[in-house]
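Only one structure is covered here, and it is reproduced in the block below.
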Amino acid sequence: MYPELQIARVEQATQAIPMERWCGGSRSGSCAHPHHQVVPFRCLPGEFVSEALLVPEGCRFLHQERMDQCESSTRRHQEAQEACSSQGLILHGSGMLLPCGSDRFRGVEYVCCPPPGTPDPSGTAVGDPSTRSWPPGSRVEGAEDEEEEESFPQPVDDYFVEPPQAEEEEETV
């Protein structure tokens, strides 16, 4: 339909969206079901690039590749769910690997996280600010008034910093 775009693959969205005033193929002018849910697809032009997955603290990044099997993205997503579930974890996100046809892939990468309320396996105390809860936004017990803020070291831009010798030479002049 759009040959100039060179569509490499088609991807189904993970969530349905509501369609207001949906009449389907009705030509009568009246809608039997005015509200309808659809799962959209999007066409992805260009070379295949696997989706970047974020790995929250306490979660695990895993992947499965089966070069002899070319499966749908739905099937690969299901495999990821089953793999997480078999370890007592919940699938947080997944991305397809190695396309082998239209909406078909030879692998999947995924992130598994502990279910909500699972104690931290590192043995940290419940009120310890270093603990993180899953899913994001849930509160750690005893941290009602605490503002959870991660501290990151400030980046150092050493590109424009003079070498130490140059400063010493200026002082001796």
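Last residue of the sequence shown: 173 (UniProt numbering), numbering continuous.
In this text, a Cβ means the ideal position worked out from N, Cα and C, and glycines have one as well.
#### Entry: Among Leu5, Cys113, Gly117, the one whose alpha carbon lies nearest that of Arg60
Against the sequence shown, residue 60 aligns to sequence position 60. The shortest CA-to-CA distance from Arg60 to any of Leu5, Cys113, Gly117 is the one to Cys113.
#### Entry: Collapsed DSSP secondary structure at Leu54 in the structure displayed
On the sequence shown, residue 54 is found 54 positions in, with the first residue counted as 1. Coil.
### Query
Can you tell me the Cα-Cα spacing of His63 and Met19, whole angstroms?
Within the sequence shown, numbered from 1, the residue matching residue 63 stands at position 63. Within the sequence shown, numbered from 1, the residue matching residue 19 stands at position 19. His63 and Met19: Cα-Cα distance of roughly 35 Å.
### Message
Going by the DSSP bridge assignment, what does Met19 pair with across the sheet?
### Response
In the sequence shown, the residue the question calls residue 19 occupies position 19. Answer is His36.
### Query
In this structure, does DSSP put Cys59 in helix, strand or coil?
The residue you call residue 59 lines up with position 59 of the sequence shown. Here Cys59 sits in coil by DSSP.
### Query
Between Ile17 and Val38, is the Cβ-Cβ spacing less than 8 Å?
The residue you call residue 17 lines up with position 17 of the sequence shown. The residue you call residue 38 lines up with position 38 of the sequence shown. Yes, the pair counts as a contact, with Cβ atoms nearer than the cut-off.
### Task
Take the Cβ of Val108 as the centre, count every other Cβ of all protein chains shown within 10 Å, and call the residue buried at 16 or more, exposed below.
For the purposes of this step, residue 108 is taken as the residue at position 108 of the sequence shown. Around the Cβ of Val108, a 10 Å sphere holds 16 or more other Cβ atoms; the residue is buried.
### Message
Give me the residue from Pro116, Gly117, Tyr110, Pro115 with the minimum Cα distance to Val55.
### Response
Against the sequence shown, residue 55 aligns to sequence position 55. For Val55, the nearest C-alpha among the options comes from Tyr110.
### Query
Is it right to say Met96 is buried, meaning 16 or more other beta carbons lie within 10 angstroms of its own, or is it exposed?
Counting from 1 along the sequence shown, the entry for residue 96 is found at position 96. Buried: at least 16 other Cβ atoms inside 10 Å.
### Contact set for Glu79: own chain, Cβ-Cβ below 7 Å, skip 5 residues either direction
By 1-based counting over the sequence shown, the position of residue 79 is 79. Counting only Cβ-Cβ distances below 7 Å, and skipping sequence neighbours, we find Gln64, Val108.
### Query
Hey, quick one: how far does the alpha helix (DSSP H) through Arg75 stretch, first residue to last?
Within the sequence shown, numbered from 1, the residue matching residue 75 stands at position 75. Counting along the chain, Arg75 sits inside the alpha helix (DSSP H) bounded by residues 73 to 86.
### Message
I need the straight-line Cα distance from Glu51 to Arg106, nearest angstrom please.
### Response
Here the question's residue 51 lines up with position 51 in the sequence shown. Here the question's residue 106 lines up with position 106 in the sequence shown. C-alpha of Glu51 to C-alpha of Arg106: approximately 15 Å in a straight line.
### Query
From which residue to which residue does the beta strand (DSSP E) around Gly101 run?
Numbered from 1 along the sequence shown, position 101 holds the residue referred to as residue 101. From DSSP, the beta strand (DSSP E) with Gly101 extends over 90 to 101.
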